[in-house]
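A.B. asks:
Numbering (the working numbering), first residue to last: 316 to 493.
(1) Helix, strand or coil for residue 328, going by three-state DSSP, please let me know.
(2) Assuming contact is defined by CB atoms lying nearer than 8 Å, are residue 470 and residue 397 in contact in what I supplied?
(3) Which full runs of the beta strand (DSSP E) of 3+ residues lie inside the stretch 430–487, going along the chain?
(4) Flag this pair as touching only if the stretch 364–375 and the stretch 398–415 have three or more C-beta atom pairs under 8 Å; answer yes or no.
(5) Report the three-state DSSP secondary structure of residue 383 (helix, strand or coil).
(6) How about residue 332: is its Cβ closer than 7 Å to a heavy atom in the ligand ATP?
(7) Check the C-beta distance from residue 348 over to residue 359 and give it rounded, since I have them as a contact under 8 Å.
(8) Between residue 439 and residue 411, what straight-line distance do the alpha-carbon atoms span, to the nearest angstrom?
(9) Taking the alpha-carbon positions, what's the residue 375 to residue 323 distance?
(10) Buried or exposed for residue 383, going by 16 or more other Cβ atoms inside 10 Å?
(11) Look at the alpha carbon of residue 424 and the alpha carbon of residue 449, and state the distance between them as a whole number of angstroms.
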């Protein structure tokens, strides 16, 4: 099966990367998906996904979206059951979904941070991981450069992995007043 091959290839690449310490993740990061034949490929980008923000207290804004040109909005990921989200992925890549989501962002805003950043072991390697508060999801991170990491989203009970990159766009001390 072709999609299984692409998943395996990207997972092997991810596993070859060096681990990251949680403290190194603190700051604001811009995200981009890595095509891997996962159902969610292209969905986040279509909806205006910006990236993630990790705070010094090891808490995280798991899903940051661009709201208008000058503002980021942290969305509450617990609102959307992940298995339903995966099943609805083809709709998530449409213009209609993008338009609806742009109108709903304010109502979907998180009331605080939505995940924890911690050191976690995956396949015998301890690396920084973001564990969602209200979803059966963990994102594991590995280093691809000085200010760039690869992420692998793991949903409990689903062998498929969603892959993405994060590029640091500022240091934590520069964003504290936001």
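From the three backbone atoms N, C-alpha and C, an ideal C-beta is built for every residue, glycine too.
C.D. replies: The short version:
(1) Residue state, collapsed to three classes: helix.
(2) Contact flag set, yes.
(3) Within the stretch 430–487, the complete beta strand (DSSP E) runs of at least 3 residues are 430–437, 440–447, 452–460, 463–470 and 476–485.
(4) Contact between the stretch 364–375 and the stretch 398–415 is absent: fewer than three C-beta pairs spanning the two stretches fall below 8 Å.
(5) Reduced to three states, the DSSP call for residue 383 is coil.
(6) Among the components modelled here there is no ligand, and therefore nothing to report on the ligand ATP.
(7) The pair is a contact, with the Cβ atoms about 6 Å apart (cut-off 8 Å).
(8) Looking at the two C-alpha atoms, the distance is approximately 42 Å.
(9) Approximately 28 Å, taken between the alpha carbons.
(10) By the neighbour-count rule (16 or more Cβ atoms within 10 Å), residue 383 is not buried but exposed.
(11) C-alpha separation (whole angstroms): 14 Å.
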